[in-house]
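Position 60 of the sequence shown, counted from 1, bears residue number 84 in the numbering used here, the numbering being contiguous throughout. For glycine and all other residues, C-beta sits at the position ideal for the given N, C-alpha and C. A quick write-up on the structure given underneath.
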Amino acid sequence: MQSWRCLPLRWETTLEQWWCASPIEWAAANGHYEVVRELLLLDSNHLIKLTSLRRLRRLETLWEEDDDDGRQSRDIATCRARVVQELLRECESRRGATGSHLVRAGYGGWIIYTAASAGELGFVEELIEKDPTIVFGEGEYGVTDVLYAAAKSKDWNVFRLVFESAASPGFSTCRDGDLEELKGGVPSKYRWEMMNRALHAAARGGSLRALKELAEHCPDIPAYRDIAGSTVLHSAAAKGQIEVIKYLLGAFDLAGIVDRHGNTALHIAAYRGQLQAFRVLFSASPALISATNHAGETFLHMAIAGFQSPDFQRLDRQMALLTHIAGLDKPLQELINSRSNTGRTALHLALIGKPNSAAVRLLMSVPSTDLNVRDEYGMTPLDILKHQSPSARKDVLIRQLVSAGAEYDDDHSSSSSSPAIKSMASQLKTMQGYGANSPGTLFSIPDFEILLHAGPRNGSLESSSSVGPSETTEMMSFSSTVSGSCSSYVRSGSSPARRLKKALWPPSARERKPEKCP
């Protein structure tokens, strides 16, 4: 199969680290099954890179999220799905091997995610028919991820199939890990939890039809939140889903709702570097321009904090957003010297952690920027910079700040145990904490526990305070057992990887290998 696009192989993140795509990932994205096959034969550990959810999300960030018409995204997803189908087909054709080995070995989550993201209805139906539990994922992949993949495909039939299979399972998980047939229907609270996941997945994936269909059965959309208190608008803003954002702003009163950190959707769009989403939210909600979160931070603070995100985030996208904000004359003049609860401006935050030189210079270029604002510890931006580790970048920034009129206080050149230095470390942790998990990905009931609550005899979705100590311990023990059994299969050099290599290797080639002496 010929590739549709020339896909870049490396790019820079907001922490100014280079991240590279592997050859097997590029080959799969272009539908080159023979290349994928040969790479797996050379080293079966390539399967780890091919199936990693973390790596796949990074590739989606670069190769798919800039796709305005959705064509490249569909092409890549289709290519990946065909590679998976060929892989399963060849495994089944080899003697003594079946494609279900991959599912049983812990790769079922990756397979259903790939099929759903491509919108391959027939492939998804076949997988669910063989194993109904596959929609709940496996290993790294959970039901939330599978729902997101289905939403990302923009195929309503695929999304509906996945959602209905997850929301109305014909089985539940017992305490000992076995499956039992459901009698008496699915508890309403279980369906609510699954509906919550589906709404956020539809918002994140940009499936407007799926979101509208689900919203018809949800009288109180603002009540559907993730573990951090994020609404579906937060989830859409984090992924830059413009059409979904416009629909939510017009249909529901969500613009001013905040998460547990006090962040509005505008804060989230700024932190995640979603320029188009920021523009829509900015123009639709003028009253939110000066809104602050619980830490007293404006959207400008959050845009700067995004440069310290531990999550994979593109540097070019974050800089484009900050450049746009710098061009907002009136709002910027009001916010450039706005101080958080600790008395820090955006320039203070830009110099904490690993400063981005371009972002610092951009803030300095604003005429109304006060370079000598002191925080509650009496530290100016230059004082903060002087406490950073020695580097050529630090020296250049110090010279630029001093030449622009910045001042510093020698009294703050104290030991690392001073309250000011501890506060800087706490500030960095807070900025990184905002990006620990994208909105709409974590919920009060973890994905690997959700089936425990599908049956009326297996517990409820009440708060943990209503669960006894012995029951909680039992649940945690079961969860760790399930998690451990899944992860044990995907380690480097695991038996599934070796079995896959054996299944793909031509029998004649294996027979020619000399036998080892006893």
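* **Closer than 7 Å to chain C by CB, Tyr401** => The question asks about chain C, but that chain is absent: this structure has only one protein chain.
* Asked: In or out: Tyr168 buried (at least 16 other Cβ within 10 Å) or exposed?
  -> According to the sequence displayed, residue 168 carries Thr and not Tyr. Of the other Cβ atoms in all chains shown, 16 or more fall within 10 Å of the Cβ of Thr168; this residue is therefore buried.
* Is the segment 213-231 in contact with the segment 413-429, if contact means three or more CB pairs nearer than 8 Å? -> Remark: fewer than three beta-carbon pairs, one from each stretch, lie closer than 8 Å, so the segment 213-231 and the segment 413-429 are not flagged as touching.
* **His258 classed as buried or exposed, judged by whether at least 16 other C-beta atoms fall within 10 angstroms** => With 16 or more Cβ atoms within 10 Å of its Cβ, His258 is classed as buried.
* To do: Note down the Cα distance separating Asp394 from Ile360, rounded to an integer number of angstroms.
  => Cα to Cα, Asp394 sits roughly 8 Å from Ile360.
* **For Lys214, the residue or residues it bridges with in DSSP** => A small correction: the amino acid at residue 214 is Tyr; Lys does not occupy that position in the sequence shown. DSSP lists no partner for Tyr214.
* Spatially closest choice to Ile266 from Ala289, Gly280, His285, by CA coordinates -> Closest option to Ile266, judged by alpha-carbon separation, among Ala289, Gly280, His285: Ala289.
* **Proximity to Gln456 [Cα-Cα], best of Asp335, Arg398, His477** => Of the listed residues, the one whose Cα sits closest to Gln456 is Asp335.
* Asked: If you draw a straight line from the alpha carbon of Ser509 to that of Gly132, how long is it in whole angstroms?
  -> Confidence in Ser509 is poor, its pLDDT being 37 and thus under 50, which makes the residue's placement unreliable; the coordinate value appears in the next sentence. Their Cα atoms are separated by approximately 13 Å.
* **Close-in-space but distant-in-sequence residues of the same chain around Val268 (CB under 7 Å, 5 per side omitted)** => Around Val268: Ala227, Gly230, Leu232, Leu235, Ala260.
* **DSSP beta-bridge partners of Asn162** => The question names Asn, but residue 162 in the sequence shown is Glu. Answer is Tyr165.
* Asked: Quick one: complete beta strand (DSSP E) runs, 3+ long, within the segment 240-289?
  -> The segment 240-289 contains no whole beta strand (DSSP E) run of 3 or more residues.
* **For Asp99 and Gly142, the rounded distance between their alpha carbons** => Before going further, note that residue 142 is Ala rather than Gly in the sequence given. Going from the Cα of Ala142 to the Cα of Asp99 covers about 8 Å.
* **Proximal residues to Ile349 (C-beta, below 7 Å), its chain only, five neighbours per side dropped** => The beta carbon of Ile349 lies closer than 7 Å to those of Leu324, Ala327, Leu356 in the same chain, with the five residues before and after it left out.
* Asked: Once you ignore the five residues that flank Thr85 on each side, which residues in its own chain have a CB closer than 7 Å to its CB?
  -> Closer than 7 Å at the Cβ level, and outside the excluded window around Thr85, lie Phe336, Arg338.
* Length of the line joining the Cα atoms of Ile376 and Ala262 -> Going by the C-alpha atoms only, they are around 23 Å apart.
* Measure the Cβ-Cβ separation of Leu373 and Leu387 and say whether it is below 7 Å. => The answer is no: Cβ separation not under 7 Å.
* Would you kindly report the start and end of the unbroken alpha helix (DSSP H) that includes Pro443? => For Pro443, the enclosing alpha helix (DSSP H) has its first and last residue at 443-457.
* Whole-Å CB distance - Leu223 paired with Val256, under 8 Å assumed -> Yes, they are in contact, since the Cβ atoms of Leu223 and Val256 sit about 5 Å apart, within 8 Å.
* Indicate, with yes or no, if the ligand MN has a heavy atom lying under 6 Å from the CB of Val60. => The ligand MN is absent from the structure shown, which contains no ligands of any kind.
* Asked: When you compare each of Ala315, Ser442, Phe147, Ile245 to His285 by their alpha carbons, which one comes out closest?
  -> Ranked by Cα distance from His285, the options Ala315, Ser442, Phe147, Ile245 are led by Ala315.
* CB contact flag (Ala52, Arg104, <7 Å) -> Yes, these two residues count as a Cβ contact at 7 Å.
* Asked: What's the call for Cys44, buried or exposed, on a 16-neighbour Cβ count within 10 Å?
  -> Cys44 should be labelled exposed.
* **Reference Phe306, options Lys270, Gln332, Ala275, Ser364, closest by Cα** => Relative to the Cα of Phe306, the nearest Cα in the group Lys270, Gln332, Ala275, Ser364 belongs to Lys270.
* **Euclidean distance between Cα positions of Leu272 and Pro156** => Each residue's Cα considered, the two are about 33 Å apart.
* Could you give the residue range of the alpha helix (DSSP H) that holds Val107? -> That run of the alpha helix (DSSP H) goes 95-117.
* Asked: What separation, rounded to the nearest whole angstrom, lies between the Cα atoms of Tyr57 and Ser392?
  -> One C-alpha to the other measures close to 57 Å.
* Continuous alpha helix (DSSP H) assignments of at least 4 residues falling wholly in the segment 380-429 -> Counting only runs of 4 or more, we get 381-388, 405-410, 416-427.
* To do: Given a cut-off of 7 Å, decide if Gly146 and Arg106 are closer than it, judged by their beta-carbon atoms.
  => Contact flag unset, no.
* To do: Taking Arg417 as the reference, give the member of Ala449, Val384, Gly402 with the closest Cα.
  => The shortest C-alpha separation from Arg417 is found at Val384.
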